[in-house]
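**Student:**
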Amino acid sequence: MDPDKDSARGLAQLQGYLLWSAEVEEARRRAARFTDELPWLTTAQREDVERVYTADRLAASQATLARISARATSLRGEYEARYRLLKARCVAAGVVFAGAVGGTCTALTLLTR
1 MDPDKDSARG
11 LAQLQGYLLW
21 SAEVEEARRR
31 AARFTDELPW
41 LTTAQREDVE
51 RVYTADRLAA
61 SQATLARISA
71 RATSLRGEYE
81 ARYRLLKARC
91 VAAGVVFAGA
101 VGGTCTALTL
111 LTR
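Going by UniProt numbering, 88 is the number at position 88 of the sequence shown; the sequence numbering is gapless.
Shown next as structure tokens:
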């Protein structure tokens, strides 16, 4: 196991946890703000509305995160494929250039004898 990779993985998990906790808190704040606009609700109704609003908001956030994650994975695959192609082209161009320089040097050497 590589300690650097383990540390990076742990930090990424911590960051994800903190971001999700912030999203949960934001959903709760918005739910409370929403129910503040409905003064006729009883305490039980207010709690139910806040619970449903929060759950709905978190479900929407989770769906959005899943779409973003899928798109990021897709883009990573596309960019890796393009990078491999570009790398192959650069290597091929380098080989052709080296061959051309070598051939030119050989031809000049043979012509000057």
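Beta carbons are placed, not taken as given, at the ideal position from N, Cα and C, and that holds for glycine.
Grouping DSSP H, G and I as helix and E and B as strand, with all else coil, what is Leu38?
**Tutor:** Within the sequence shown, the letter at position 38 stands for residue 38. The answer is coil: DSSP assigns Leu38 none of H, G, I, E or B.
**Student:** State the DSSP-derived secondary structure class of Arg113, mapped to helix, strand or coil.
**Tutor:** Counted from its first residue, the sequence shown places residue 113 at position 113. Note: Arg113 maps to coil in three-state DSSP.
**Student:** Specify the secondary structure class of Asp2 as computed by DSSP and reduced to three states.
**Tutor:** Looking up residue 2 in the sequence shown gives position 2. Three-state DSSP puts Asp2 in coil, outside helix and strand.
**Student:** Which same chain residues, not among the five before or five after Arg46, have their C-beta less than 7 angstroms away from its C-beta?
**Tutor:** Translated into the one-based positions of the sequence shown, residue 46 becomes position 46. Around Arg46: Thr35.
**Student:** Would Arg57 and Ala27 be called neighbours here (beta carbons separated by less than 8 angstroms)?
**Tutor:** By one-based count along the sequence shown, residue 57 stands at place 57. By one-based count along the sequence shown, residue 27 stands at place 27. Yes, the Cβ-Cβ distance between Arg57 and Ala27 is below 8 angstroms.
**Student:** Could you check how far apart the C-beta atoms of Ala31 and Thr54 are, in whole angstroms? I think they sit under 8 angstroms.
**Tutor:** To locate residue 31, count along the sequence shown from 1; it is residue 31. To locate residue 54, count along the sequence shown from 1; it is residue 54. Yes, Ala31 and Thr54 are in contact; Cβ-Cβ is about 5 angstroms, under 8 angstroms.
**Student:** Suppose you measure from the CA of Val52 to the CA of Ala59; what does that come to, to the nearest Å?
**Tutor:** Looking up residue 52 in the sequence shown gives position 52. Looking up residue 59 in the sequence shown gives position 59. C-alpha separation (whole angstroms): 10 angstroms.
**Student:** Measure the Cβ-Cβ separation of Glu37 and Ser61 and say whether it is below 8 angstroms.
**Tutor:** Counting from 1 along the sequence shown, the entry for residue 37 is found at position 37. Counting from 1 along the sequence shown, the entry for residue 61 is found at position 61. Their beta carbons are not under 8 angstroms apart, which means Glu37 does not touch Ser61 by this criterion.
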